[in-house]
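Right, one structure below, let's go through it.
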Amino acid sequence: IRLYLDKTVSEVQDLEPGESKIFILPLPTNERGWVPMHRFGIRTMFPFELFRAWAWLHMDLRGLVYPKPAAEAPVPPPSQMALGHRQHDARGEEDFAGLRRFNIGDSPRNVAWKAYARSGQLLSKRFAGADTSSQWFDFDEMDATDVETRLSVLTRWIIDADRTREDYGLKMPGVSLAPSHGEAHRNACLEALALFGLRND
21 IRLYLDKTVS EVQDLEPGES KIFILPLPTN ERGWVPMHRF GIRTMFPFEL
71 FRAWAWLHMD LRGLVYPKPA AEAPVPPPSQ MALGHRQHDA RGEEDFAGLR
121 RFNIGDSPRN VAWKAYARSG QLLSKRFAGA DTSSQWFDFD EMDATDVETR
171 LSVLTRWIID ADRTREDYGL KMPGVSLAPS HGEAHRNACL EALALFGLRN
221 D
């Protein structure tokens, strides 16, 4: 079985009786936001493509298109909530609590140089007992002037922060998502970027 839409097609999938599978059907678009897909084709070629059957399926479906991530983006500016310093416990000891993306203003002493040697990515060490306030990505504090460039850079920052499991928050006109991490938080932030300024949300 194969699905198709205009000039795009899915991979061929073999289905056993009663079996279900996920089909990925590319849908090219130049716009972000909700994109409708009211109908698509389905055809079968069985057995050995000796017989072919096809039909059009009419369904009220839509997909959410995120802004295209910037290929190159500046390092996120440090927010006041991200400038914590290491603290000591009563014994003068520090407990390592993980790594996060390096931010301008972080102490060079906190850079994970071994991790940098392996991956080439600057990361800062986090310590238990430190001010673990999180990074905020603020639409209004960005250097870019046009909206789409800001959204593209914000998308890149969110994807990068998600990969390092860094806590981050998003501030935009009419939107404020508290710092967190994980798939649900990432998707909520990307959805806010995708629908920003649009009327089809």
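Numbers in the working numbering are just positions in the sequence shown, counted from 1, shifted up by 20. Ideal Cβ placement from N, Cα and C applies to all residues, glycine included. Only a predicted model underlies this, so the values are computations on that prediction, with no experimental measurement involved.
- Pro128 carries a helical assignment under DSSP once its states are collapsed to helix, strand and coil.
- Linking Thr165 to Trp74 through their CA atoms gives a straight-line distance of about 49 Å.
- The shortest CA-to-CA distance from Lys27 to any of Leu35, Leu47, Pro128, Arg219 is the one to Leu47.
- Put simply, the backbone Cα of Leu210 is about 17 Å away from that of Pro96.
- Rounded to whole angstroms, Trp156 and Arg185 show a C-alpha spacing of 14 Å.
- Here Gln33 has Ile21, Arg22, Lys41, Phe43 as same chain residues with Cβ atoms under 8 Å from its own Cβ, once five neighbours each way along the sequence are excluded.
- Lys191: member of the beta strand (DSSP E) spanning 188 to 192, first to last residue.
- Lys88 is not bridged by DSSP to any residue.
- For Leu84, the closest alpha carbon among the candidates His205, Trp76, Met57 is that of Met57.
- Under the rule that a run must span 4 or more residues, no alpha helix (DSSP H) segment is found entirely inside the stretch 29 to 79.
- If you ignore the 5 residues before and after Tyr136, its C-beta comes within less than 8 Å of the C-beta of Leu142, Leu143, all in its own chain and listed in chain order.
- Beta-bridge partners of Gln155 (DSSP): Tyr188.
- Per DSSP, the beta-bridge partners of Leu81 are Met57.
- It is roughly 12 Å from the alpha-carbon of Asp160 to the alpha-carbon of Gly194.
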